[in-house]
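Under the working numbering, think of the first position of the sequence shown as 167, with each following residue one higher. Think of the CB as a built atom: it goes at the ideal place given N, C-alpha and C, for glycine as much as any other residue. Here the structure is a predicted model, which is why all the values come from computation and not from measurement.
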Amino acid sequence: MRISRRSLLKGAAAAGAAGAVTALAGKAEASEHEPKHRPDAVGMLYDSTLCVGCRACVTKCKEANQLPVDASAMQGTEKPVYDAPNDLNGQTKNIIKVFKDGERFAFMKQQCMHCVDPSCVSVCMMGALHKEGEGTRTIAGETKGTGIVAYDKATCVGCRYCQIACAFNVPKFEWLEPLPRIVKCELCRHRADKTKQGPLAVANPACCEVCPREAVIYGKREELLAIARRRLAADPKRYNGKIYGEKDGGGTQVLYLAAAGIGFHDLGLPDLPETSAASFSEHVSHTPYLHGITPLVLYGTAAFVIHRNKQKEETAERHEEGK
167 MRISRRSLLK GAAAAGAAGA VTALAGKAEA SEHEPKHRPD AVGMLYDSTL CVGCRACVTK
227 CKEANQLPVD ASAMQGTEKP VYDAPNDLNG QTKNIIKVFK DGERFAFMKQ QCMHCVDPSC
287 VSVCMMGALH KEGEGTRTIA GETKGTGIVA YDKATCVGCR YCQIACAFNV PKFEWLEPLP
347 RIVKCELCRH RADKTKQGPL AVANPACCEV CPREAVIYGK REELLAIARR RLAADPKRYN
407 GKIYGEKDGG GTQVLYLAAA GIGFHDLGLP DLPETSAASF SEHVSHTPYL HGITPLVLYG
467 TAAFVIHRNK QKEETAERHE EGK
């Protein structure tokens, strides 16, 4: 049996109408983006007023993560004797920087911020970057809900979208490796402490272990916030007065305290709104799908094109019959 073009167009129009009705009935919706503040989320609190710039955390981080020496700041030296990275890179996950302005100076510890709602996770098409405890990924000793921004090399395609998306310029790429990966702090999640229970058993950051002044400490995010608030209340003249990361960019699990008179932008931290970039971008991209808007538009457009083509076909057939 031969099917005419006219019959085919009629069937397509009927299918398009049925699809539109289905879309209306089912309201094909994309999930709303809702950042989650996990009660068991872990992180770090860095107090710049306590840091002496000894860089013990940098050295211990290299040791704990088996990262090679970075002598990028010692070009021309035949045999580098000192690990001296200029910035975070494919060989460095944690670094101490210094801010100077006349007689004023302050140290700054930089590593992954482990955002509450990370842009790097939002743009990662394969889920290589993900919040630990979400989905089906697990590691030995993992406790759900830690919120650590973890990296899975096996699913990474090397697109480097995460580098563009991160407001803190953290993820780095191994440009010189034949099988490169993204390098960033993962809160030493591979160093599970089997003597502890709960979220604190998952990560035991090397940088926090060796800091002689306890300028950086580890714990649950809510507990670290409480500690930071107590310090501000106990000695308000000592501090800037704000806890960076409490709400900035939707919140981060690495929190900062700065000295009075030192702005967080001086330490290299960007000025961010309280709404995360990921929340905004995903809201914009998902909104057309909410309540079936996009399917309805697509089905409506298809029905219009089919109807127009059907009319053209009928006009052509009448013209042929009139000859």
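Considering Cα atoms alone, identify which of the options is closest to residue i.
i	options	result
Leu423	Asn335, Gly268, Leu391 and Glu343	Leu391
Gln257	Glu480, Glu440 and Lys228	Lys228
Tyr212	Glu412, Ala230 and Arg355	Glu412
His280	Cys220, Cys332, Asn255 and Tyr327	Cys332
Asp236	Leu438, Gly416, Thr441 and Ala250	Ala250
Assign residue i to buried or exposed, taking buried as 16 or more other Cβ atoms, counted over all protein chains shown, within 10 Å of its Cβ.
i	result
Arg270	exposed
Lys291	A small fix is needed here, since residue 291 is Met in this sequence, not Lys. Met291 should be labelled exposed.
Thr309	Below a pLDDT of 50, predicted positions are generally treated as unreliable, and Thr309, at 46, falls in that range; no measurement from the model is reported.
Val349	buried
Thr312	buried
Val204	Position check: residue 204 holds Arg in this sequence, whereas Val was assumed. Buried, by the Cβ-count rule.
Ala399	exposed
Ala252	Correcting the residue identity first, residue 252 is Asn in this sequence and not Ala. Asn252 comes out exposed.
Asp414	buried
Lys478	exposed
Pro234	exposed
Glu298	buried
Ala444	buried
Ala184	Any reading at Ala184 needs caution, since the residue's pLDDT is 47, under 50, leaving its predicted position unreliable; the model's value is listed next. Result: exposed.
Lys386	buried
How far does the alpha helix (DSSP H) with residue i in it extend, from its first residue to its last?
i	result
Ala392	Arg387 to Ala400
Ala372	Ala372 to Val376
Tyr405	Looking at the DSSP string, Tyr405 is not in any alpha helix (DSSP H), and its letter there is neither H nor E.
Ala331	Tyr327 to Ala331
Assuming residue i contacts residue j under a Cβ cut-off of 8 Å, what Cβ separation, rounded to an integer in Å, is found between them?
i	j	result
Asn260	Cys374	Not a contact, Cβ separation roughly 11 Å.
Gly209	Leu421	7 Å
Tyr405	Thr215	7 Å
Phe273	Cys351	Incorrect: roughly 17 Å between the Cβ atoms, too far for contact.
Lys275	Val382	6 Å
For residue i, which residues does DSSP report across the bridge?
i	result
Thr258	Asn255
Lys413	Answer is none; Lys413 lacks a bridge partner.
Gln276	Ile261
Lys266	Phe271
Gly161	Residue 161 lies beyond the stretch modelled for the chain, which goes from 167 to 489, so this question has no answer here.
Ile428	Ile428 pairs with nothing; no bridge assigned.
Val323	None, per the DSSP bridge assignment.
Just curious, the beta strand (DSSP E) that residue i is in, first and last residue?
i	result
Tyr422	Val420 to Leu423
Val287	It is not in any beta strand (DSSP E) - Val287 instead sits in the alpha helix (DSSP H) that spans Ser285 to Val289.
Gln232	Element bounds for Gln232: n/a, residue is neither H nor E.
Ala316	Val315 to Tyr317
Leu211	Val208 to Asp213
Taking only beta-carbon positions, decide if residue i is within less than 8 Å of chain C.
i	result
Tyr317	The displayed structure is made up of one protein chain only, and chain C is not part of it.
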